[in-house]
Amino acid sequence: MLARQKTHHLYRTRHVLESPQGAEVIIDGRRYLSFCSNDYLGLASHPAVVRALHEGASEYGAGSGAAHLVTGHSLPHHALEEELAAFTGRPRALLFSTGYMANLGVVAALAERGDTVFEDRLNHASLIDAGLLSQARLRRYPHADMEALERQLAGDAAEHKLIVSDGVFSMDGDIAPLSRLAALAQGHHAWLMIDDAHGLGVLGPSGGGTLEHFGLGLDDVPILIGTLGKAFGTFGAFVAGSEELIETLIQKARTYIYTTALPPAIAQATRASLKLMRQEGWRREHLHQLVARFRAGAQQLGLALSPSQTPIQPLIVGDAARAVALSEALMQRGILISAIRPPTVPEGGARLRITLSAMHNEAQVDRLLEALGEILAVPAAVEA
Ligand SMILES: *Cc1c(COP(=O)(O)O)cnc(C)c1O
110 MLARQKTHHL
120 YRTRHVLESP
130 QGAEVIIDGR
140 RYLSFCSNDY
150 LGLASHPAVV
160 RALHEGASEY
170 GAGSGAAHLV
180 TGHSLPHHAL
190 EEELAAFTGR
200 PRALLFSTGY
210 MANLGVVAAL
220 AERGDTVFED
230 RLNHASLIDA
240 GLLSQARLRR
250 YPHADMEALE
260 RQLAGDAAEH
270 KLIVSDGVFS
280 MDGDIAPLSR
290 LAALAQGHHA
300 WLMIDDAHGL
310 GVLGPSGGGT
320 LEHFGLGLDD
330 VPILIGTLGK
340 AFGTFGAFVA
350 GSEELIETLI
360 QKARTYIYTT
370 ALPPAIAQAT
380 RASLKLMRQE
390 GWRREHLHQL
400 VARFRAGAQQ
410 LGLALSPSQT
420 PIQPLIVGDA
430 ARAVALSEAL
440 MQRGILISAI
450 RPPTVPEGGA
460 RLRITLSAMH
470 NEAQVDRLLE
480 ALGEILAVPA
490 AVEA
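Numbering (my numbering), first residue to last: 110 to 493.
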């Protein structure tokens, strides 16, 4: 198996970071300009967030000691849940230890044998796994294809139907057609669950994510998933929805019940990052300016940009070997961008997944463009 992974350029290795997350990171003693973290707002190593983590640990210790339903649910967890509910404009929110676990737990709690789960083909792996692990039937529709989804919904006799989609697709950066998803869900009496891991904090005038971007609320999208390891810069995840949804999950979601609560200090740190996310709108504005600058520059270079308005700006190169070679060429130029290969993306869809962050400045984006121009020079431009 390992040899096969190597010959197909699919072998995965890890970099050991010797620094915190930042516009620049240190690997093997060398400094790299990083364009591959999900720390979109630059909060992962923000002093106020780190201070809250310290203070949280001093006050509540390093570990939570138990699951939420035993004695692991402490004051910081509870306060964070209330603040996340207010932030998303929903009656309740429930913390999970990771986004992966939230997705597994929610789908399995809501969809049982005899039900059907409908998923976009490009949904995050944790959502696909959630559909597979539930006892329900899993139907996948072509990416963002609302006609195909409508046909599947109309032709399905299940009593309970659950539609599940990423809000912002994690490897492509495009935004799901949420208004149409919500209309289809209502028309077919299906639940709609949106995993907004890459939208929260980034999209919408106040960082409310993909739902705020479209002006949708609880009635349109009853089940909202957020992860805290991306724009929030910390760790963990949450589900936000009605009182009834949250109480159902507390009773039934196995990945909530049978696992240790995340450390209370992490919850304190997240409260600090939520505050910054809400108060410092300039982070989002700066980020969107960088996205526009990157796209304009890439267009001038003739690069094959994807239709993404978000900080996720993939350059699809197709072949896994080529993606790895390009990533290595960038590393030699002091720029860190990971090559994303199958099965994370479809066969033939290997890419450089570039992510921008509010930590970057314009000169750094220009440096990225310059390096991309060097390694991806369009043949026609070279000949001319
Ligand atoms: C990262 C991600 C997850 C997983 O969240 P973790 O907290 O890292 O486990 C789930 N869904 C999407 C869309 C993601 O991008």
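Ideal placement from N, C-alpha and C gives every residue a C-beta, glycine not left out. Just so you know, these numbers come straight off a predicted model, no measurement behind them.
Alpha-carbon spacing of residue i relative to residue j, whole angstroms
| i | j | result |
| --- | --- | --- |
| Arg-70 | Ala-405 | Lying outside 110 to 493, the shown extent of the chain, residue 70 is not represented and no answer is given. |
| Ile-272 | Arg-442 | 44 angstroms |
| Val-159 | Gln-360 | 33 angstroms |
| Val-226 | Pro-200 | 25 angstroms |
| Thr-336 | Ala-239 | 16 angstroms |
| Asp-475 | Pro-423 | 17 angstroms |
| Asp-137 | Met-255 | 47 angstroms |
| Leu-178 | Tyr-367 | 9 angstroms |
| Leu-414 | Val-125 | 30 angstroms |
| Leu-439 | Ala-112 | 26 angstroms |
| Leu-184 | Thr-379 | 13 angstroms |
| Leu-123 | Gly-345 | With the sequence shown as reference, residue 123 is identified as Arg, and Leu is not the correct amino acid for it. Between Arg-123 and Gly-345, the C-alpha separation is close to 22 angstroms. |
| Ser-167 | His-187 | 18 angstroms |
| Gly-350 | Glu-356 | 10 angstroms |
| Thr-486 | Pro-451 | The sequence shown places Ala at residue 486, not Thr. Taking the straight line from one Cα to the other gives about 25 angstroms. |
| Gly-390 | Glu-259 | 37 angstroms |
| Tyr-250 | Gly-308 | 22 angstroms |
| Ile-484 | Ser-447 | 15 angstroms |
| Gly-310 | Gly-318 | 6 angstroms |
| Thr-464 | Gly-324 | 25 angstroms |
| Ser-417 | Glu-192 | 30 angstroms |
| Ile-497 | Gly-282 | This structure leaves residue 497 out entirely; the chain is present only between 110 and 493. |
| Met-110 | Thr-116 | 10 angstroms |
| Ala-490 | Ala-480 | Confidence is the limiting factor: at Ala-490 the pLDDT is only 46, short of 50, which leaves the residue's position unreliable, though a coordinate-based value still follows. Cα-Cα distance, rounded: 16 angstroms. |
| His-233 | Arg-460 | 16 angstroms |
| Leu-189 | Leu-354 | 18 angstroms |
| Ser-384 | Gln-261 | Here the sequence assigns Lys to residue 384, which means Ser is not the residue at that position. If I take the Cα positions, the gap works out to 42 angstroms. |
Any non-hydrogen atom of ligand 1 within 7 angstroms of residue i CB
| i | result |
| --- | --- |
| Thr-336 | yes |
| Asn-212 | yes |
| Tyr-365 | no |
| Ser-60 | A query on residue 60 cannot be resolved here, the shown segment of the chain reaching from 110 to 493 and no further. |
| Asp-275 | yes |
| Ala-346 | yes |
| Gly-282 | no |
| Gly-208 | yes |
| Ser-243 | no |
| Ala-239 | no |
| His-233 | yes |
| His-307 | yes |
| Asp-304 | yes |
Residues of its chain near residue i, where Cβ-Cβ distance is below 6 angstroms and the 5 sequence neighbours each way are ignored
| i | result |
| --- | --- |
| Asp-329 | Ala-291 |
| Ala-220 | Val-226, Ser-243, Ala-245, Leu-271 |
| Ala-493 | With a pLDDT of only 40 at Ala-493, under the threshold of 50, the placement of this residue in the model should not be trusted; the figure read from the coordinates follows. Excluding sequence neighbours, Ala-493 sits near nothing in its chain. |
| Tyr-231 | The question names Tyr, yet the displayed sequence has Leu at residue 231. Correct list, in chain order: His-252, Phe-278. |
| Gly-338 | Phe-344 |
| Val-134 | Leu-126, Ser-128, Tyr-141, Ser-143 |
| Tyr-149 | Val-311, Ala-340, Pro-420, Ser-466 |
| His-322 | Leu-312, Gly-313 |
CB contact flag (residue i, residue j, <8 angstroms)
| i | j | result |
| --- | --- | --- |
| Ala-267 | Gly-223 | yes |
| Asp-229 | His-252 | yes |
| Gly-208 | Ser-243 | no |
| Phe-196 | Leu-445 | no |
| Phe-205 | Phe-341 | no |
| Leu-374 | Gly-165 | Before going further, note that residue 374 is Ala rather than Leu in the sequence given. Yes, they are a contact pair. |
| Arg-462 | Gly-151 | no |
| Leu-399 | His-469 | yes |
| Leu-320 | Leu-301 | no |
| Leu-435 | Val-426 | yes |
| Leu-478 | Ala-432 | no |
| Gln-377 | Leu-162 | yes |
| Asn-212 | Asp-304 | yes |
Own chain, CB closer than 8 angstroms to residue i, minus 5 neighbours either side, in chain order
| i | result |
| --- | --- |
| His-298 | Lys-270 |
| Ala-153 | Pro-129, Gln-130, Ser-146, Gly-342, Thr-343 |
| Ala-175 | Gly-181, Thr-369, Ala-370 |
| Leu-358 | Leu-203, Gly-214, Val-215, Ala-218, Val-348, Tyr-365 |
| Gln-114 | Tyr-120, Arg-121 |
Residue i at chain D interface by Cβ criterion, 8 angstroms
| i | result |
| --- | --- |
| Gln-408 | The question asks about chain D, but that chain is absent: this structure has only one protein chain. |
7 angstroms Cβ shell around residue i - same chain, five flanking residues per side excluded
| i | result |
| --- | --- |
| Pro-372 | Ala-171, Gly-172, Ser-173 |
| Pro-286 | Ala-253, Met-255 |
| Arg-289 | Met-255 |
| Ala-430 | His-118 |
| His-402 | One point to set straight first is that residue 402 is Arg, not His, in the sequence displayed. Cβ neighbours of Arg-402 beyond the five flanking positions: Glu-471, Val-474. |
| Glu-352 | Pro-200, Arg-201 |
| Tyr-169 | Ser-183, Pro-185, Pro-373, Ala-374 |
8 angstroms contact criterion, which residue i and residue j should meet: CB distance rounded
| i | j | result |
| --- | --- | --- |
| Pro-420 | Ser-466 | 7 angstroms |
| Met-386 | Gly-316 | 5 angstroms |
| Gly-198 | Gly-326 | 7 angstroms |
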